[in-house]
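Asker:
In the working numbering, the protein residues as written are 1 to 370.
1) Across the stretch 37-49 and the stretch 148-160, are there enough close Cβ pairs to call them in contact, namely three or more that are closer than 8 Å?
2) I'd like the list of long-range same chain contacts for residue 240, defined as Cβ closer than 7 Å, with 5 residues on each side in sequence excluded.
3) Tell me which same chain residues have a C-beta within less than 7 Å of the C-beta of residue 216, skipping the five on either side of it?
4) Would you list, in sequence order, the uninterrupted beta strand (DSSP E) runs of no fewer than 3 residues that lie entirely inside the stretch 132-194?
5) Give the C-beta separation of residue 132 and residue 225 to the nearest angstrom, bearing in mind that I take them to be a contact with Cβ-Cβ under 8 Å.
6) So what does DSSP say about residue 276, is it helix, strand or coil?
7) Could you spell out the range, first to last residue, of the alpha helix (DSSP H) harbouring residue 252?
8) Hey, which unbroken runs of the alpha helix (DSSP H) at 4 residues or more fall wholly within the stretch 78-130?
9) Touch check for the stretch 99-107 and the stretch 73-91: three-plus C-beta pairs under 8 Å?
10) Please say whether residue 251 and residue 313 have beta carbons closer to each other than 9 Å?
11) Between residue 277 and residue 144, is the Cβ-Cβ spacing less than 9 Å?
12) Rounding to the nearest angstrom, what Cα-Cα distance links residue 110 and residue 287 in this structure?
13) Assuming residue 294 is part of the alpha helix (DSSP H), what are its boundary residues?
14) Taking a contact to mean a Cβ-Cβ separation below 9 Å, would you say residue 75 touches residue 186 in this structure?
15) Is it the case that the Cβ atoms of residue 223 and residue 105 are separated by a distance below 9 Å?
16) Find the nearest neighbour of residue 209 within the set 227, 235 and 182, judged by alpha-carbon distance.
17) With which residues is residue 225 paired in a DSSP beta bridge?
18) Could you tell me how far apart the beta carbons of residue 172 and residue 94 are, in whole angstroms, since I believe they sit closer than 8 Å?
19) How long is the line joining the alpha carbons of residue 351 and residue 227, rounded to whole angstroms?
20) Return helix, strand or coil for residue 210, following the three-state DSSP convention.
21) Going by beta-carbon coordinates alone, are residue 257 and residue 203 separated by less than 9 Å?
22) By the DSSP assignment, the beta strand (DSSP E) with residue 22 in it spans what residues?
23) Could you give the DSSP three-state label for residue 338: helix, strand or coil?
24) Judging by CA-CA distance, which residue of 248, 81, 255 and 154 is the nearest neighbour of residue 198?
25) Using the Cα positions of residue 45 and residue 55, report the straight-line distance between them to the nearest angstrom.
26) In terms of alpha-carbon separation, which member of 70, 53, 113 and 49 lies closest to residue 32?
27) Please return the same chain residues whose Cβ sits closer than 6 Å to the Cβ of residue 374, not counting the five positions on each side in sequence.
28) Quick one, are the C-beta atoms of residue 80 and residue 49 less than 9 Å apart?
29) Which residues in the same chain have their Cβ closer than 8 Å to the Cβ of residue 91, if we skip the five residues on either side of it in sequence?
30) Measuring alpha carbon to alpha carbon, tell me which of 43, 3, 29 and 30 ends up nearest residue 11.
31) In this structure, how does DSSP classify residue 285 when only helix, strand and coil are distinguished?
32) For residue 386, does the three-state DSSP call read helix, strand or coil?
33) Quick one: grab the DSSP three-state call for residue 33.
34) Compute the distance between the beta-carbons of residue 126 and residue 25, then report whether it is under 9 Å.
35) So residue 69 is in the beta strand (DSSP E); what residue range does that whole segment cover?
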């Protein structure tokens, strides 16, 4: 097998997703280009850690199928720290991330690995398609907002193109990217179902591009995964809370890397993609196509709610960390365990000590760069 060895990190946090976790791992083990290993990181849930450890010990994690290691999140609760634990423990030259409620198509890793033929490429992302629990997309749900449910959205560039940032639930990074930029910021990103924030991969990718100005970040829509969308996330209540949380997330990212870069792609998205979506919805309504007016209204509403979240986050962050904590905006922290990522994993992560967590880190901003 030519090319870099790829470790796949899957972060998990709840036994409610047991079947999904097993399906995610099975999809990694069925890759046409085998993974070096699968690293399962559990977020502060000892029962799930024990159950997964027993499952893969009894199943026999044979090298031919790809080794599966079960670790506990060695950092604070949340997706970012879980990913950092996985990166620190992984042995591959490239580290890929797959959500615990997603399955990868057979050539997923093949297309990721192909992107690293150019030594300047530091990250490669893919295409994430929704699998709706109800069997079909809610008629009111605009494709421009599929990032709300952790999926690729209308307006992203097709093919294999350069982007500002990849989306964390379907992404890969060269190990040296973490040596250069450090880990995922632990004050951004999800904490299971408690905190539907995102943006941690955006913040990391911007830091990476600053640390190495000639770095290339790609998205290749041939690297496909299918992401489950539970019924609760098909409802407008979740749409509302997630768009508001995205606004909060963008405030955190802008504080970390500056609004000019942190909101660069978002400006293009709100001034080009969303107006086109509204026009399309209104045209569908004029042609008596079902749901057109509701989709247009959802785009407008989602945009306003996200803007309100951004304004609230910016205001409270400016008022101080205590006020920010009171409104649910966590302080931004970067991984402090990053001497050289991968030179030696933290002892707890390396030996698979205690619990960890995960979910879906996503959001807008994956547009063609430059």
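Ideal Cβ placement from N, Cα and C applies to all residues, glycine included.
Answerer: Working from what's here:
1) no
2) 305
3) 118, 120, 121, 122 and 162
4) 160-162 and 170-174
5) Rounded, the Cβ-Cβ distance is 15 Å, inconsistent with contact.
6) helix
7) 236-257
8) 79-89 and 108-115
9) no
10) yes
11) yes
12) 43 Å
13) 292-319
14) yes
15) yes
16) 182
17) 104 and 128
18) 5 Å
19) Any reading at residue 351 must be qualified, since the residue scores a pLDDT of 33, below 50, and its modelled position is unreliable; the value itself is stated next. Going by the C-alpha atoms only, they are around 30 Å apart.
20) helix
21) yes
22) Note, residue 22: premise wrong, no beta strand (DSSP E); alpha helix (DSSP H) at 18-29.
23) In this prediction, residue 338 has a pLDDT of 47, which is less than 50 and means its spatial position is unreliable; what the coordinates show is noted afterwards. Coil.
24) 248
25) 15 Å
26) 113
27) A query on residue 374 cannot be resolved here, the shown segment of the chain reaching from 1 to 370 and no further.
28) no
29) 5, 7, 36, 37 and 342
30) 43
31) helix
32) Shown here, the chain extends from 1 to 370; a query on residue 386 therefore has no answer.
33) coil
34) no
35) 67-72
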